[in-house]
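Note sheet for the following structure.
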Amino acid sequence: MGIWWAMSRQRKLIILAGLGVLVCGVVLRSGCIPPRSFRATKQPRTGRALGGRVALVYSKHYQINMGGAERLHPFDIRKYAKIFLALNTDGYILPADVFVPEAVTDEQVLLVHTDEFLASLGNSDTVARYLEMPLIGKAPAFLIDAGILHAFRYATGGTIEAGRLALRYGIAVNLAGGYHHAMPDHGEGFNIYADLAIAIRVLRREGLIRRALVVDLDVHQGNGTAEIFGGDDEVFTFSMHQGNIYPVPKATSDLDVELAGGTDDRTYLSLLGKHLPAVIDRARPDIVFLQAGCDVLASDPLASVAMTDEGLVARDAMVIDECVRRGLPVVMVLGGGYSKGAWQAQYASIRRTLRTYAFPSGPPHPTRPATGKEAVYVK
Ligand SMILES: [Zn+2]
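Residue 294 in the numbering used here sits at position 252 of the sequence shown; the count goes up by one each step and never skips.
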């Protein structure tokens, strides 16, 4: 202790700052200590196509982690982890069944985004604007990178991997993704990397596809995806969204269908049923990406389309079944919708896909109660 008091004020400050950084690092790493089933998702790892037909893609790195501060966010940004956990505890999968992606690389990002955009991610205020979280602008850039951008890079890598897997097995679900507001030169609406567009360009460059269709059923228009593929005849963008909410003004998709506030299951499903077959005919895709945002639910605080959980399941089923019927590979990404409990509707939709195409006689594993640690992690 004597040495401490003998030190100059400046040296003490340097030591304290060093300790501060160390503590920040430790808190960031351990803010959410994942339970065993989460830790088992080693990076990257080959999983197993369920029933030989459905591939699930998930990474523990999808979790945004600001040392626990992310829990103060009003939205449920743990929905990816909750769905993964429920699939495990309800006996549909073992942790080793999921395909674990690598993070998207800068080279892949540049297939869609500009150099300037990539450079802008080093500026805290700019990223805070993209995320619409002004307070984040006060944090050092390296913390934002490790706590938030890192998660989005893995989620984007997941959409790319889900594309490859859908081409191999038929159906792939990335338990994340759908960042359809991201533009080539900037992010917006909580979206940084345009994962759908990046995945399509990567699959094309790998010679796996030529034509693609994006069916965007998030309640917000897929303005980023529409903008990126605006002059591209080989990618068809179809967006069905509420008309009088963000984004304003809207971009122009190949087909936009605007919904009024209060649209119920019946109206929604009959509109989708009317447009979907014609859209697929026009698009002639080699692969279909379904942005399955659950913010069309009546409970969503940012929109006022009034679908029920059952309606959401029927909506996703309509798209997936139509693709399967036509022999088209289909990728589902989760998109928006972070209201409390909304994850359960998306989980029901994924469960329905598994029951229909992988496990017609029910979950293959016994149900397992979540451990206390898991409950803390996904609370
Ligand atoms: Zn949305």
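Backbone N, C-alpha and C fix where the C-beta goes; we use that ideal spot for every residue, glycine too.
If we ignore side chains and look at the alpha-carbon of each, how far apart do Asp358 and Trp385 end up? In the sequence shown, counting from the first residue as 1, residue 358 sits at position 316. In the sequence shown, counting from the first residue as 1, residue 385 sits at position 343. Those two C-alpha atoms are separated by around 14 angstroms.
Would you mind listing the beta strand (DSSP E) stretches within the stretch 197–230 that are 3+ residues and don't spill past its ends, in chain order? Runs of the beta strand (DSSP E) inside the stretch 197–230: 213–216.
Spatial distance of Val215 from Ala204 (CA atoms): Locating residue 215 in the sequence shown gives position 173, counting from the first residue. Locating residue 204 in the sequence shown gives position 162, counting from the first residue. If I take the Cα positions, the gap works out to 6 angstroms.
Which partner residues of Glu300 appear in the DSSP bridge assignment? One-based indexing of the sequence shown puts residue 300 at position 258. Note: Glu300 sits in a beta bridge opposite His283.
Excluding the 5 residues preceding and the 5 following Arg243 in the sequence, name in chain order all residues of the same chain whose CB lies nearer than 7 angstroms to its CB. Position 201 of the sequence shown holds residue 243. When the five nearest sequence neighbours on each side are left out, the beta carbons in the same chain lying within less than 7 angstroms of the beta carbon of Arg243 are those of Leu153 and Val154, in order along the chain.
Suppose you measure from the CA of Asp323 to the CA of Gly273; what does that come to, to the nearest Å? For the purposes of this step, residue 323 is taken as the residue at position 281 of the sequence shown. For the purposes of this step, residue 273 is taken as the residue at position 231 of the sequence shown. Near 19 angstroms, if we compare the C-alpha coordinates of Gly273 and Asp323.
Closer than 8 angstroms: His262 CB and nearest ligand 1 heavy atom: Within the sequence shown, residue 262 is the residue found at index 220, counting from 1. Taken from the Cβ of His262, at least one heavy atom of ligand 1 lies inside 8 angstroms.
If contact is defined by three or more beta carbon pairs under 8 angstroms, each pair taking one atom from either stretch, is the stretch 161–178 in contact with the stretch 121–139? Not touching, per the Cβ criterion.
Relative to the C-alpha of Phe401, which candidate in Gly220, Ala97 and Lys121 has its C-alpha closest? Taking the first residue of the sequence shown as position 1, residue 401 is located at position 359. Distances from the alpha-carbon of Phe401 to those of Gly220, Ala97 and Lys121 put Ala97 closest.
Would you kindly work out how many angstroms separate the C-alpha atoms of Glu144 and Gly199, rounded to a whole number? For the purposes of this step, residue 144 is taken as residue 102 along the sequence shown, with counting starting at 1. For the purposes of this step, residue 199 is taken as residue 157 along the sequence shown, with counting starting at 1. C-alpha separation (whole angstroms): 6 angstroms.
Would Ser72 be called buried (16 or more neighbouring beta carbons within 10 Å of its own) or exposed? The residue you call residue 72 lines up with position 30 of the sequence shown. A caution first: Ser72 carries a pLDDT of 44, below 50, which makes its placement in the model unreliable, though a value can still be read off. Ser72 comes out exposed.
Could you tell me whether the stretch 258–273 touches the stretch 220–232, using the rule of 3 or more Cβ pairs below 8 angstroms? The stretch 258–273 vs the stretch 220–232: in contact.
Would you call the stretch 389–396 and the stretch 287–307 touching, i.e. three or more CB-CB distances under 8 angstroms? Result no; under three Cβ-Cβ pairs closer than 8 angstroms.
Flag Leu344 as yes when its Cβ comes closer than 8 angstroms to any non-hydrogen atom of ligand 1, and as no otherwise. The residue you call residue 344 lines up with position 302 of the sequence shown. With a cut-off of 8 angstroms, the C-beta of Leu344 is classified as near ligand 1, since at least one heavy atom of the ligand falls inside that distance.
Please report the residue range of the beta strand (DSSP E) in which Met374 lies. If you number the sequence shown from 1, residue 374 lands on position 332. Looking at the DSSP string, the run of the beta strand (DSSP E) that includes Met374 is Val372 to Val375.
Tell whether a beta-carbon distance below 9 angstroms holds between Gln284 and Thr305. The residue labelled residue 284 in the question sits at position 242 within the sequence shown. The residue labelled residue 305 in the question sits at position 263 within the sequence shown. In contact: Gln284 and Thr305 (Cβ atoms closer than 9 angstroms).
Given Val361 as reference, the closest of Ala254, Pro319 and Leu58 once Cα atoms are compared: By one-based count along the sequence shown, residue 361 stands at place 319. Selection Ala254, Pro319 and Leu58 evaluated against Val361 yields Pro319 as nearest (Cα-Cα).
So Arg195 and Val257 are supposed to be a Cβ contact under 8 angstroms. How far apart are they, rounded? As a first step, residue 195 must be located in the sequence shown, where it is residue number 153. As a first step, residue 257 must be located in the sequence shown, where it is residue number 215. Taking C-beta atoms under 8 angstroms as the contact rule, Arg195 and Val257 fail to qualify, at a distance of about 25 angstroms.
Grouping DSSP H, G and I as helix and E and B as strand, with all else coil, what is Asn233? Numbered from its first residue, the sequence shown carries residue 233 at position 191. Asn233 sits in a strand when the DSSP states are folded into three classes.
What whole-angstrom Cβ distance do Gly303 and Ser346 have, given they're in contact under 8 angstroms? As a position in the sequence shown, residue 303 is number 261, starting the count at 1. As a position in the sequence shown, residue 346 is number 304, starting the count at 1. Correct: roughly 4 angstroms between the Cβ atoms.
Please name the residue or residues paired with Ala254 in a DSSP beta bridge. Translated into the one-based positions of the sequence shown, residue 254 becomes position 212. For Ala254, the pairing in a beta bridge is given by DSSP as Val277 and Ile329.
At a threshold of 8 angstroms, does Asp426 count as lining ligand 1 (C-beta to nearest heavy atom)? With the chain covering only 43 through 421, there is no way to say anything about residue 426.
Just to confirm the assignment, what range does the alpha helix (DSSP H) spanning Val151 have? Position 109 of the sequence shown, counted from the first residue, corresponds to residue 151. Per DSSP, Val151 is one residue of the alpha helix (DSSP H) stretching across Asp148 to Val151.
Would you say Gly285 touches ligand 1, meaning its beta carbon is less than 8 angstroms from a heavy atom? In the sequence shown, the residue the question calls residue 285 occupies position 243. Checking every heavy atom of ligand 1 against the Cβ of Gly285, none is found closer than 8 angstroms.
Taking DSSP as the reference, what is the three-state secondary structure of Lys421? Indexing the sequence shown from 1 puts residue 421 at position 379. With a pLDDT of 41 at Lys421, under the threshold of 50, the modelled position of this residue cannot be trusted, and the question is left open.
Secondary structure at Met43, three-state DSSP: helix, strand or coil? Taking the first residue of the sequence shown as position 1, residue 43 is located at position 1. With a pLDDT of 49 at Met43, under the threshold of 50, the modelled position of that residue is not reliable, and the figure given next carries that caveat. Three-state DSSP puts Met43 in coil, outside helix and strand.
Ligand 1 and Gly303: does the residue's C-beta get closer than 8 angstroms to at least one heavy atom of that ligand? In the sequence shown, residue 303 corresponds to position 261, counting from 1. It does not: the Cβ of Gly303 is nowhere closer than 8 angstroms to a heavy atom of ligand 1.
Just checking Gly89 against ligand 1 - is the residue's beta carbon closer than 8 angstroms to any of the ligand's heavy atoms? Residue 89 sits at position 47 when you count from the first residue of the sequence shown. Not under cutoff, so the answer is no.
Tell me whether Glu364 is buried or exposed, calling it buried when 16 or more other Cβ atoms sit within 10 Å of its Cβ. As a first step, residue 364 must be located in the sequence shown, where it is residue number 322. Under this definition Glu364 is a buried residue.
Just reading off the beta strand (DSSP E) that Leu98 is part of, what are its end residues? Indexing the sequence shown from 1 puts residue 98 at position 56. That run of the beta strand (DSSP E) goes Val96 to Val99.
CA-to-CA distance, Leu191 to Ile234, given in whole angstroms: Counted from its first residue, the sequence shown places residue 234 at position 192. Counted from its first residue, the sequence shown places residue 191 at position 149. The alpha-carbon atoms of Ile234 and Leu191 are separated by roughly 8 angstroms.
Please look up how many angstroms separate the CB atoms of Leu354 and Val338, rounded, as I've assumed it's under 8 angstroms. Start at 1 with the first residue of the sequence shown, and residue 354 comes out as number 312. Start at 1 with the first residue of the sequence shown, and residue 338 comes out as number 296. Contact between Leu354 and Val338 is confirmed by a C-beta separation of about 7 angstroms, below the 8 angstroms threshold.
Excluding the 5 residues flanking Asp38 on each side, which residues of the same chain have their C-beta closer than 7 angstroms to its C-beta? In the structure as shown, the chain begins at 43 and stops at 421. Residue 38 is therefore absent and cannot be evaluated.
Same chain only: Cβ atoms within 7 angstroms of Asp275, ignoring 5 sequence neighbours per side: For this step, residue 275 is matched to residue 233 along the sequence shown. Excluding residues within five positions, none has a Cβ falling inside 7 angstroms.
Could you tell me the alpha carbon to alpha carbon distance between Asp328 and Gly219, rounded to whole angstroms? Along the sequence shown, one-based indexing puts residue 328 at 286. Along the sequence shown, one-based indexing puts residue 219 at 177. Rounded to whole angstroms, Asp328 to Gly219 spans 20 angstroms at the Cα level.
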